[in-house]
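Read the structure below first, then the notes.
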Amino acid sequence: MAKIGFIGLGIMGAPMVGHLLDGGHEVTSTVHRTPAPDELTGKGLKLVETAKAVAEASDIVITMVPNTPQVEAVLFGENGVAEGLSSGKLVIDMSSISPIETKVFAAKINALGCDYLDAPVSGGEVGAKGASLTIMVGGAEAAFETAKPIFELMGKNITLVGANGVGQTTKVANQIVVALTIEAVGEALVFASKAGADPAKVRQALMGGLATSRILEIHGERMIKRTFDPGFRIELHQKDLNLALQGAKALGVSLPNTATAQELFNACAANGGAGWDHSAMVRALELMAAHPVAEDEAASAAAE
């Protein structure tokens, strides 16, 4: 049994903590933005007042918050994690944030005599609830081996991809693929639907061929059923693609289709959709086609 601190009890973090508690670990948290669910406190989750107190009570501290400034505040702000660390502890950031800033954070934590892993995840709410997340880890191999049994309670595809920052670089690459695949599925379903085909049957047919993907399976269904509650919010995917585009500019790399996907997300956000699930990118395509993939009132029947 490990003493684990976990900060960030949102859509992803709450089920991840549940798996750690089910695994027999002692978990301590503090309210960051989302109150602790009763289910977790009922399982034994301990709550303290500050991130500093979380670190003091834990040997391993995990952060799972939305963006780079929030990770920085949780780690290094007043009463932050860094103030509660002592030599030999391990900090794991499972948020999706800037690879460049990650290297800075890691150096600061290392200077305190502690290890640091960046371990962003893919799989969304479904993966978090099912303990089937893909976990992309950057950091020292010894720290990775220490953390691996913890990761195995939350995910299935767990890979040490390189040094600190490389985990976050891998996550940015993942978000490029996900965004572009959502766009491709959206285009295909809008095209098929406007041509008069049943989008649910088109999706079913495509699932048996080379075009199949988890995005077609999960998000294609969302597009047809019109279930755009997150999930993974568009505003968070905008943040990730912004990291991609900023990195591309610094590297002298062109990412033309990533830029297009970002503009489609921007269009959704401009129409009140920043909090929609990222599968709702299809709504921007529907606006341009003047045609929805499926009508909301008939959606459930159409997807069966």
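The opening residue of the sequence shown carries number 256 in the working numbering; numbering runs sequentially from there.
C-beta: ideal position from N, C-alpha, C; glycine also.
When the Cα atoms are used, Lys358 and Ala434 turn out to be separated by approximately 25 Å.
Approximately 7 Å separates the beta-carbon atoms of Val381 and Ile473; this is inside 8 Å, confirming the contact.
Counting C-beta atoms within 10 angstroms of its own C-beta, Asn526 has fewer than 16 neighbours from the protein chains shown and is therefore classed as exposed. Burial of Thr513 is indicated by the presence of at least 16 other C-beta atoms within 10 angstroms of its C-beta. With the rule of 3 Cβ pairs closer than 8 Å, the region 440 to 450 counts as touching the region 537 to 548.
If you draw a straight line from the Cα of Leu302 to the Cα of Thr285, it is about 5 Å long. A check of alpha carbon separations from Met391 across Ile364, Phe406, Gly422 and Pro404 identifies Gly422 as the nearest.
Residue state for Met349 is assigned as coil, using DSSP reduced to three classes. With fewer than 16 neighbouring CB atoms inside 10 Å of its own CB, His546 falls in the exposed class.
The beta carbon of Glu281 sits closer than 8 Å to the beta carbons of Met256, Ala257, Lys258, Ile259, Gly299 and Lys301 from its chain, once the five residues preceding and following it are set aside; these are given in chain order. Its chain contains Met391 and Val392 as the residues whose beta carbon lies nearer than 7 Å to that of Thr414, once the 5 sequence neighbours on both sides are disregarded; these appear in chain order. The Cβ neighbour count for Met319, taken over all protein chains shown within 10 Å, is at least 16; the residue is labelled buried.
The region 304 to 320 and the region 335 to 355 touch, with three or more beta-carbon pairs separated by less than 8 Å. Counting along the chain, the unbroken beta strand (DSSP E) around Ser284 starts and ends at Glu281 to Ser284. Bridge pairing for Met462: absent [DSSP]. DSSP places Gly441 within a helical segment (H, G or I) once states are collapsed to three. When DSSP states are grouped into helix, strand and coil, Asn526 belongs to the coil group. When secondary structure is reduced to three states using DSSP, Lys307 falls in the helix class. In the structure shown, the three-state DSSP call for Leu340 is coil. By the C-beta criterion, the region 483 to 498 is judged not to be in contact with the region 330 to 343, since fewer than 3 inter-stretch pairs fall below 8 Å.
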